[in-house]
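Residue numbers (our numbering): 8 to 292.
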């Protein structure tokens, strides 16, 4: 079962005086890339959070956001009274205005507010860890749902290529007859009598040169292997990408060997389906 790298998860936890919101967003990426936006008091625990998230999500460009909202009387920002009074005293010597106006001017000056660094509480951090894990459950469910949609589309594209391959297989005898007839007409145009034995030798040469039997067999095997990999227990976008490259190699070889316009048109349709597959695989975990 494949998973998408696109997902979103959110968890909201209420503790005394605080409301903690954790959000996780992920997009496709070749590797795991985490961008963390968390309050400064939790920075020392960032590595722990990174390990939890990377073990769960494996790959993708991930944004972690932790918001802390104080809902009680508690605040970590206070007015620096001494600094404000000092500013007012200095301003009073310069301007002749009321104390209210002095206060308005003073609070705009540097260092009038002081933020006390809140030490991290281990119990509170365990709550945050659990919130992150809850968000991870949600984002993984999102990824699985997106993966189901991707799998349906990929199966459709693979089945389309299989149908086109069947048309190519049924068309192959017609193509060989066309090669034979084209050679015969060429000999007739130059008004030469062809030696039947030599003519058959030339036919054999061209058939061997343009034979696509091995490519057809390998392509069919690659298509089956692609679907088998999608149905495996683990999602493996890299493996699917490798298989799609092998599919492309066989399709290209069939196209170069076909030397027959109707068959080449089918090959073009195969390539179109394969390009759509490659685009979708970029988002597979």
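A virtual CB, placed ideally from N, CA and C, is assigned to each residue, including glycine.
When 40, 68, 264 are compared, the shortest CA-CA separation from residue 179 is found for 264. A straight line joining the alpha-carbon of residue 13 with that of residue 291 spans about 9 Å. DSSP places residue 17 in the strand class (E or B) of the three-state scheme.
A Cβ-Cβ separation of about 26 Å leaves residue 86 out of contact with residue 45 under the 8 Å criterion. Within the DSSP bridge table, the entry for residue 67 names 39 as partners.
Between the beta-carbon of residue 18 and that of residue 41 there is about 17 Å, and that puts the pair past the 8 Å contact cut. By the neighbour-count criterion, in which a residue is buried when 16 or more other Cβ atoms sit within 10 angstroms of its Cβ, residue 9 is buried. Note: residue 74 is bridge-paired with 28 in the DSSP secondary-structure output.
Pairing residue 226 with residue 237 gives a Cβ-Cβ distance that is not under 8 Å. Secondary structure note for residue 94: its alpha helix (DSSP H) is the uninterrupted segment 88 to 99. Within 10 angstroms of the beta-carbon of residue 138 lie 16 or more other beta-carbons, which makes it buried.
If you look at residue 248, you'll find it in the alpha helix (DSSP H) that goes 244 to 265. Between residue 273 and residue 163, the C-beta spacing is not below 8 Å.
If the five residues before and after residue 22 are omitted, its C-beta is found closer than 8 Å to the C-beta atoms of 131, 134, all from its own chain and listed in chain order.
The C-alpha of residue 90 is placed about 13 Å away from the C-alpha of residue 109. Counting along the chain, residue 275 sits inside the alpha helix (DSSP H) bounded by residues 268 to 288. Between the region 151 to 161 and the region 278 to 291, the count of C-beta pairs closer than 8 Å reaches three or more; the two stretches touch. Relative to residue 253, the option among 222, 243, 240 whose CA is nearest is 222. The Cβ-Cβ distance between residue 142 and residue 56 does not fall below 8 Å. In terms of CA proximity to residue 228, 256 leads the group 242, 256, 212.
With 16 or more other CB atoms across the displayed protein chains lying within 10 angstroms of its CB, residue 182 is buried. Nearest to residue 185 by alpha-carbon distance, out of 98, 270, 239, 63, is 270. Under DSSP, residue 11 forms a beta bridge with 291. When the beta-carbon positions are compared, residue 280 and residue 167 come within less than 8 Å of each other.
Exclusion of the five residues before and after residue 52 leaves 132 as the residues of its chain whose Cβ lies within less than 6 Å of its Cβ. Membership of residue 108 in the alpha helix (DSSP H) is indicated by the continuous run 106 to 113.
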